[in-house]
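The numbers in the working numbering rise by one with no breaks, and the one at position 185 of the sequence shown is 185.
Structure, as structure tokens:
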Amino acid sequence: MKQIVIGFLLIFVTVGNLFPHHTGSSDSPNATARFVDPFTGKREKPTNYLVMTQDYYQSTRENSHLFTTTAFAELNFFDGRFALNASVPWNYYQQRGREDAARIGKTYLGFKYQPFFDLDKPYFFVIEGSVGFPSGPDTDRFTGGNYYTGTGFIKLGYLYEKWSFVTKIGGLNPLSRPQPSNLQDNDGIPFYLRRPSATPPEPEYEFKKTTLISAYVTYYLMPEISLFSGILYRNPYNGVDYSKEKDKANPSYFTEASAGFSWNFSEKYNMSLAYRYPLQRDREYRLYQSAWTFAFSMEWGSD
């Protein structure tokens, strides 16, 4: 993992030297504050930008390492008050005792809206929402659940001298009903040509509304470089797909702490690196040992 991080740094130092550096033209953090979410690598305010996020989860519950690459694009309108966005993840499972596997995750389409306040002020209020589309029944190629999911968040941020404070409250809401597993879903035969199957088994999970609360603080060492630390709370623990099994492997909530840094190495280019640590440490039910989130983003248009 250290070699990967060092390689990324060397690449972006080289790329940064190819483009003009204007970020340091102002001594005010207002001009350069990006408000980067350490848990996702995404920007909090509506912006014209593209971000590639690489997550690495060490030792997940299935004794595998998970690599998730997410492409996220956003386009803002009305001078930065409204934006539309889309994201698509790709998951690679490095598994123990069996063959590695790769899957395409759930696709989301969403929006951001700043209804109040002067956009030049050192604070912001953003309403954010999105819809996640069914991943389909073919679990050999897709993951993320064959159902619709809605997300909604309210975000508040404040910048004071060299410090910024952001809190995010919201959650995920299932928009369709759970479907029982059917072994014929992956046989490639259209449903209208199949023989009627036996009574499908009862689902082993139920859909639950999921509450997400996060907060983080950022300190700007200089206009280009900042350090951040945050905390995340999630209830229920297993998210929308909530197992009906009431045992130690399915606790009611999940908390995670993070710390990292963000670097605006040119006026339009930014990278961030965060280390994430689940606070539930019991080996029988922790989601993963630890995680890293690396994000590289590129803006276009005027600030």
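C-beta atoms are modelled at their ideal positions from N, C-alpha and C, and glycine is treated no differently.
At a cut of 8 Å, does the segment 252 to 272 reach the segment 159 to 170 through at least three beta carbon pairs? no
Roughly how many angstroms lie between the CA atoms of D185 and Q58, to the nearest whole one? By one-based count along the sequence shown, residue 185 stands at place 185. By one-based count along the sequence shown, residue 58 stands at place 58. Because the pLDDT at D185 is just 49, under 50, the model does not fix this residue reliably, and the point stays unresolved.
With a threshold of 16 other CB atoms inside 10 Å of the CB of F117, please say whether the residue is buried or exposed. One-based indexing of the sequence shown puts residue 117 at position 117. Exposed, by the Cβ-count rule.
Segments assigned beta strand (DSSP E), at least 3 residues, entirely inside the segment 98 to 138: 101 to 104, 108 to 113, 123 to 132
In whole angstroms, give me the CA-to-CA distance for K155 and P174. Along the sequence shown, one-based indexing puts residue 155 at 155. Along the sequence shown, one-based indexing puts residue 174 at 174. Distance between the alpha carbons of K155 and P174: 21 Å.
Under the three-state DSSP convention, the category F165 falls into: In the sequence shown, residue 165 corresponds to position 165, counting from 1. It is a strand residue.
Once DSSP output is grouped into helix, strand and coil, what is the label at S64? The residue given as residue 64 occupies position 64 in the sequence shown. S64: coil per DSSP, three-state reduction.
How many angstroms separate the CA atom of S229 from the CA atom of D37? For the purposes of this step, residue 229 is taken as the residue at position 229 of the sequence shown. For the purposes of this step, residue 37 is taken as the residue at position 37 of the sequence shown. Approximately 10 Å, taken between the alpha carbons.
Residue environment, M222, which counts as buried when at least 16 other CB atoms sit within 10 Å: The residue given as residue 222 occupies position 222 in the sequence shown. Label assigned to M222: exposed.
Inter-residue spacing [alpha-carbon to alpha-carbon] between K168 and I213: On the sequence shown, position 168 is the one that residue 168 refers to. On the sequence shown, position 213 is the one that residue 213 refers to. For K168 and I213, the distance between alpha carbons rounds to 6 Å.
Please identify the residue among P115, M52, R43, F39 whose C-alpha is closest to the C-alpha of A295. Position 295 of the sequence shown, counting from 1, holds the residue named residue 295. Closest option to A295, Cα to Cα, is M52.
Residues of its chain near G239, where Cβ-Cβ distance is below 7 Å and the 5 sequence neighbours each way are ignored: Working through the sequence shown from its first residue, we reach residue 239 at position 239. So the qualifying residues of the chain are L172, T210.
Excluding the 5 residues flanking F142 on each side, which residues of the same chain have their C-beta closer than 7 Å to its C-beta? Counting from one through the sequence shown, the residue named residue 142 turns up at place 142. Excluding residues within five positions, the ones whose Cβ falls inside 7 Å are R103, I104, S135, G136.
Between the alpha carbons of T69 and P122, how many angstroms are there, rounded? By 1-based counting over the sequence shown, the position of residue 69 is 69. By 1-based counting over the sequence shown, the position of residue 122 is 122. In a straight line, the C-alpha of T69 is about 32 Å away from that of P122.
With a CB to CB cut of under 6 Å and the five nearest residues on each side skipped, what residues in its chain are close to G144? Position 144 of the sequence shown, counted from the start, is the residue given in the question as residue 144. Taken in chain order, the residues that qualify are G105, K106, S135.
Does the distance from the CB of K45 to the CB of F124 come in under 8 Å? On the sequence shown, position 45 is the one that residue 45 refers to. On the sequence shown, position 124 is the one that residue 124 refers to. Yes, the pair counts as a contact, with Cβ atoms nearer than the cut-off.
Smallest Cα separation from R276: which of S266, N270, L287? Counting from one through the sequence shown, the residue named residue 276 turns up at place 276. Among S266, N270, L287, the Cα nearest to that of R276 belongs to L287.
Tell me whether E74 is buried or exposed, calling it buried when 16 or more other Cβ atoms sit within 10 Å of its Cβ. Counted from its first residue, the sequence shown places residue 74 at position 74. It counts as buried.
With a 10 Å radius around its C-beta and 16 neighbouring C-beta atoms as the bar for buried, classify F78 as buried or exposed. Position 78 of the sequence shown, counting from 1, holds the residue named residue 78. Its Cβ having fewer than 16 others within 10 Å, F78 is exposed.
What number of angstroms, rounded off, separates the C-alpha of S176 from the C-alpha of E267? For this step, residue 176 is matched to residue 176 along the sequence shown. For this step, residue 267 is matched to residue 267 along the sequence shown. The straight-line gap from Cα to Cα measures roughly 43 Å.
On the CB-based measure, 16 or more other CB atoms within 10 Å of its CB, does L66 come out buried or exposed? Here residue 66 refers to the residue found at position 66 of the sequence shown. It is buried - the Cβ of L66 has at least 16 other Cβ atoms within 10 Å.
Return the residue from the list L119, P278, Y113 that minimises the CA-CA distance to R61. For the purposes of this step, residue 61 is identified with residue 61 of the sequence shown, where counting begins at 1. It is P278 whose Cα lies nearest to the Cα of R61.
From the DSSP output, in three-state form, read off E44 for me. In the sequence shown, residue 44 corresponds to position 44, counting from 1. Here E44 sits in coil by DSSP.
S262 to L232 span [Cα, whole Å]: Locating residue 262 in the sequence shown gives position 262, where the first residue counts as 1. Locating residue 232 in the sequence shown gives position 232, where the first residue counts as 1. Using only the alpha carbons, I get a separation of about 19 Å.
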